[in-house]
Amino acid sequence: MNKIFSQIKEWWRSPQMTGFWFFLFAGIFSLVIGLRYFYGIWFWVNFVIVLISGVFIFRAGHRAARESRLAAFGYRRLQSIVSNLSDGIVSYDNNMEITEMNAAAEQIFNIEKELVIGKRISPEWGGDPKLKMIAQVIFPSLAPTVIKRSDPGVYPQVVDISFVEPDIDLRVSTDRITGEKGEVLGFVKVVHDRTREIKLLRSKSEFITVAAHQLRTPLTAVRWALENISSVKELDSATKELVSTGLSASGKLMKIIEDLLNTSKIEEGRFGYEFRDMDIVAFLEEALSGVQAIAKEYGVNLYFDRPANGVPIIVRMDPSRLGMAFSNLLDNAVKYNVKNGSVTVKIERMTDRPYVEVSITDTGVGIPAEDMPKLFSKFYRGANVTRDETDGTGLGLYIAKNIIFRHGGGIQAESVLNRGTTVHVFLPTDPKLIPPKEIIYGEE
Ligand code: ATP
Ligand code: MG
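Per the numbering used here: the sequence shown = residues 16 to 459.
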């Protein structure tokens, strides 16, 4: 009985059933009137019409009430998922009015949602210390360091944003909210806090740093001993050869250890850059003279195509780190070349952007097309080079890419197998384009 009552109470309260209740009263009223004015068959006709219409109206109302209850349940369920997500969620409509923000987003941005919900967000918010972070997430161009992780125009758009103060690393995916006809109604951003993940990655690299350091010290002693022995005049030729093999092997081991050390320091975000302004033309001249000896050994000619006007091009750089990157690029162009081949370094100021482009073109063995996507990843070495060139860790380009990115630049390669390769390096001539802190680019 109770159940029936509570069901009737629920129908009574449901706005979708209002039509039925009206009809019920109107129907009863018409039946009462019918009792007085309709006779015989007409009374029953009236009765049947009221009954059938009542059943139809009740069923329609009941169905609508059920659907609305389900929709409300679905909405509340979604709300509860959104509010319990560990990733931050912020949504805004076409007018840039913030419509939703969950607890995780409040925590990441360190604000209360009441402060922003229903407000129109604009780039000016970037000037308010309290709202700066949310403004930089909604307008990533305001953020100090942004790395795009998806192609332009493809949704969801993914970017990594790094903040210096506080030291936070976020991955933000932006997707469109579309209507039934595909029209854009607004946007939703999912903000993932990667600060802890990055700290973990750093501590993993720390192990390699320590191990490489420990290996370097005794190896230096071994090299020193071998060098001393090799300088002894009275050695017979067999011993001399043994010592020289030992020296060359220890040299290779040292290079592997240095590469591992550099990679792990980069991944810990503490490669330690020291920037200063330098003329990139003079800088490249020096880098080229550094590979002269090895070019001679491989029978490869070096050419430098410098800018016509002879005016210096000032770039803010860490010369020792950038030197490391360029000497690997030049080393590759020489080593993966053919006898009597050439390497041409060209430098040009870009006309449409504040960047300088350095291209290194060789006439060497080239890179297989299917390997191109792996070129800048850790430990990649092409099958077409490992037969002739057994040395090499495959870390050179990974390190070079990270160093160039740290300078606010970019690197690309194009290659034709057995014809040659060109590596293009872009470096900003405007120091404002250099990221304010070391970020880990990894292999993505
Ligand atoms: P190292 O760590 O000593 O530099 P590596 O030269 O093998 O070793 P990377 O400089 O990272 O490592 O280059 C990775 C791979 O990319 C090379 O092994 C080679 O297969 C390919 N590669 C790079 N530059 C060229 C080039 N100019 N021509 C042909 N292949 C190249
Ligand atoms: Mg190399």
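The beta-carbon is built from N, C-alpha and C at its ideal position, and this holds for glycine as well.
Nearest-angstrom Cα distance between residue i and residue j?
i    : j    : result
S430 : V358 : 14 angstroms
T376 : V360 : 6 angstroms
R285 : E453 : 7 angstroms
N125 : A119 : 9 angstroms
S220 : G194 : 46 angstroms
F341 : S252 : 38 angstroms
H494 : E283 : Outside the modelled stretch of the chain, which goes from 16 to 459, sits residue 494, for which no answer is possible.
G470 : R364 : Beyond the ends of the chain as shown, which are 16 and 459, falls residue 470; an answer cannot be given.
A79  : P30  : 9 angstroms
L216 : R92  : 35 angstroms
V161 : I419 : 15 angstroms
V206 : E121 : 11 angstroms
G55  : S95  : 60 angstroms
Is the beta carbon of residue i sitting closer than 8 angstroms to the one on residue j?
i    : j    : result
S106 : I192 : yes
S45  : V60  : no
G69  : G34  : no
F441 : Y370 : yes
L268 : L241 : no
P327 : D294 : yes
I362 : P322 : yes
G397 : N355 : no
R331 : P159 : no
With distances taken from CA atoms, which of the options is nearest residue i?
i    : options                   : result
D403 : V306, N352 and D251       : N352
S374 : M387, F391, T437 and L317 : T437
G103 : S165, Y52 and D208        : D208
K393 : T401, T408, D386 and P383 : T408
R291 : E25, R81 and T444         : T444
I153 : T260, P233, L410 and S188 : S188
V199 : H228, M16 and M111        : M111
D386 : Y288, Y52 and L432        : L432
L317 : V306, N324 and F420       : V306
R74  : K145, D367, W26 and I43   : W26
E129 : W140, I123, N117 and E139 : N117
I67  : L39, Y54, R81 and G49     : L39
Leaving aside the five residues before and after residue i along the sequence, list all residues of the same chain whose C-beta is less than 7 angstroms from its C-beta, in chain order.
i    : result
W57  : none
N399 : V380 and P383
Between residue i and the rest of its own chain, which residues show a CB-CB distance below 6 angstroms, the 5 nearest in sequence each way excluded?
i    : result
I183 : T210
L230 : I272
S101 : A119
G411 : N343
Ignore the nearest five residues each way along the sequence and tell me which others in residue i's own chain have a CB closer than 8 angstroms to its CB.
i    : result
A302 : G338, F341, S342 and L345
I329 : D292, M293, D294, I295 and T444
K134 : E112 and I113
**Item:** Heavy atoms of the ligand MG versus C-beta positions, residues under 6 angstroms
**Value:** Put simply, the residues with a CB less than 6 angstroms from any heavy atom of the ligand MG are N343, D346, N347, G407 and G411, in chain order.
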